[in-house]
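Note sheet for the following structure.
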Amino acid sequence: MSASFKTVALFGKQQSEGVAQTLGEIGAFLDRRGFRVLFEAGIAEALGRGGVEAADARTIGEQADLAVIVGGDGTMLGIARELAPHGVPLVGINFGRLGFITDIPLLQWSDALGAVLDGHYEAEDRAILQARVSRDGEVVFEASAVNDVVVSRSSRAGMIDVQVHVDGLYMYSQRADGLIVATPTGSTAYALSCDGPILHPTLDGLVLVPVAPQALSNRPIVLPSSSVISMSVADGRDPRVNCDMQTFADLHIGDVIEVRRAAYSVRFLHPSGYSYYATLRSKLNWHEMPGLAPRA
């Protein structure tokens with residue numbers, strides 16, 4: 000058993016058929032290897048059997064040395080936001096479709112997870128964003144994001160006007176469907192679909208990407224990760240803010256949305272030999288020369 004890991008927590012998307020069964024198999028695998036196994040409470044209930052140790056996310060954050068997530072990137076994002084403040088590293092087994100951050104193929108989980116538990120892995124720290132909405136000087140919403148914080152119009156309204164300041168300095172007023180503040184992790188998510196650049200995960204930066212701007216001269220811009228980005232909706236109907244498309248808040252005209260990098264990060268563990276470029280080739284269908292062996 001690895002000296003680094005003694006307690007391993009298991010998470011998954013309960014609604015997905017087959018996830019609970021896979022987590023049960025992983026739990027038995029870990030138990031045979033002498034690890035203490037904590038099942039997220041909902042998964043423990045879905046297993047429908049006794050003899051498993053259930054815990055909520057807070058307890059897992061305090062007691063686990065490693066968390067294994069079976070699901071898609073959305074499931075991974077939600078668990079990452081909960082466990083990142085506790086410093087628990089995450090391993091993602093892909094039970095979804097895209098798999099940018101849940102990178103271990105489902106059929107290979109035992110070999111890949113076994114190698115990670117034996118200490119054969121590559122660690123990668125990813126930035127987290129913190130968003131805070133203030134209204135008349137009072138904080139009305141706070142949330143974190145692994146991918147992005149998005150200020151946008153509702154689906155039933157027209158464009159919104161957003162005033163943007165960076166580190167207290169006025170940048171511009173943007174008339175668009177919305178504005179995305181993304182981490183390097185989030186640069187391959189919604190920001191990419193809006194023609195934002197791909198940022199390598201190790202880059203110390205954030206990207207600000209307009210969504211369908213009225214002026215074609217309004218382009219994405221990469222900012223230092225130390226930047227404090229302040230946005231205010233000056234005009235528009237039913238504006239809102241979301242974090243990772245999973246937590247939402249309605250906005251009023253004049254609300255101030257402040258986004259900054261969190262003091263903590265999330266750590267992803269990958270099997271040895273992991274390549275971010277291979278992930279991009281696979282997920283984005285980049286051209287690869289047939290028969291050309293990759294260089295070590």
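Note that numbering that gives the first Met the number 0 gives residue 184 to position 185 of the sequence shown, counting from 1, and the numbers run on in steps of one. Even glycine gets a Cβ: it sits at the ideal position worked out from N, Cα and C.
Tell me the DSSP secondary structure of residue i in three-state form.
i       : result
Pro-219 : coil
Ile-92  : strand
Leu-202 : coil
Gln-14  : coil
Gly-157 : coil
Ala-79  : helix
Met-0   : Bear in mind that a pLDDT of 45 at Met-0, under 50, signals an unreliable position, so the model cannot answer this.
Ile-25  : helix
Ile-68  : strand
Ala-295 : Because the pLDDT of Ala-295 is 49, which lies under 50, any placement of that residue in the model is unreliable, and the number read from its coordinates should be weighed accordingly. Here Ala-295 sits in coil by DSSP.
Ala-111 : helix
Ala-188 : coil
Ala-175 : strand
Val-208 : strand
Ile-59  : helix
Compute the distance between the beta-carbons of residue i and residue j, then report whether it is under 9 Å.
i       : j       : result
Pro-200 : Tyr-263 : no
Val-165 : Ser-231 : no
Ala-79  : Arg-125 : yes
Phe-28  : Gly-113 : yes
Asp-237 : Ala-144 : no
Val-69  : Arg-35  : no
Phe-140 : Ala-248 : yes
Val-163 : Ser-229 : yes
Leu-250 : Val-138 : no
Val-87  : Ile-103 : no
Ala-188 : Phe-99  : yes
Pro-219 : Ala-111 : no
Thr-184 : Ile-92  : no
Gly-95  : Gly-77  : no
Ser-216 : Gly-177 : no
Tyr-273 : Glu-121 : yes
Thr-246 : Ala-142 : yes
Phe-38  : Ala-54  : yes
Ala-181 : Leu-207 : yes
Gly-50  : Lys-12  : no
Glu-52  : Ala-66  : no
Leu-198 : Ser-186 : yes
Arg-134 : Asp-30  : no
Met-158 : Ala-211 : yes
Bridge partners for residue i per DSSP, in chain order?
i       : result
Gln-213 : None, per the DSSP bridge assignment.
Phe-311 : Because the chain is modelled from 0 through 295, residue 311 falls outside the range shown and cannot be assessed.
Val-148 : Val-180, Cys-242
Arg-32  : Answer by DSSP bridge pairing: none, since Arg-32 is not bridged.
Pro-104 : Asn-93
His-85  : Its beta-bridge partners do not exist; DSSP assigns none.
Leu-168 : Val-165
Leu-46  : Paired residues: none, contrary to the question.
Rounded to whole angstroms, how far is the Cβ of residue i from the Cβ of residue j, which I believe are closer than 8 Å?
i       : j       : result
Pro-209 : Ala-175 : 5 Å
Gly-204 : Val-221 : 5 Å
Leu-128 : Arg-260 : 6 Å
Gln-85  : Glu-123 : According to the sequence as given, residue 85 is His; it is not Gln. Not a contact, Cβ separation roughly 18 Å.
Val-148 : Val-18  : Going by Cβ atoms, the distance from Val-148 to Val-18 rounds to 28 Å, so no, they are not a contact pair.
Ile-252 : Ala-233 : 7 Å
Ser-15  : Gly-118 : Contact flag wrong, Cβ pair sits at about 30 Å.
Let me check you understand the geometry: is the CB of residue i closer than 8 Å to at least one non-hydrogen atom of the ligand HEM?
i       : result
Ser-224 : The ligand content of the structure shown is nil, which means the ligand HEM is not present either.
Can you find a CB in chain B that lies within less than 9 Å of the CB of residue i?
i      : result
Ile-78 : This model lacks chain B altogether; it includes just one protein chain.
Contiguous alpha helix (DSSP H) assignments of at least 4 residues, all confined to the region 116–141 = As far as the region 116–141 is concerned, it has no whole alpha helix (DSSP H) run of at least 4 residues.
3 or more residues per run - each beta strand (DSSP E) lying fully within the region 215–289 = Counting only runs of 3 or more, we get 220–223, 228–234, 239–242, 246–249, 255–270.
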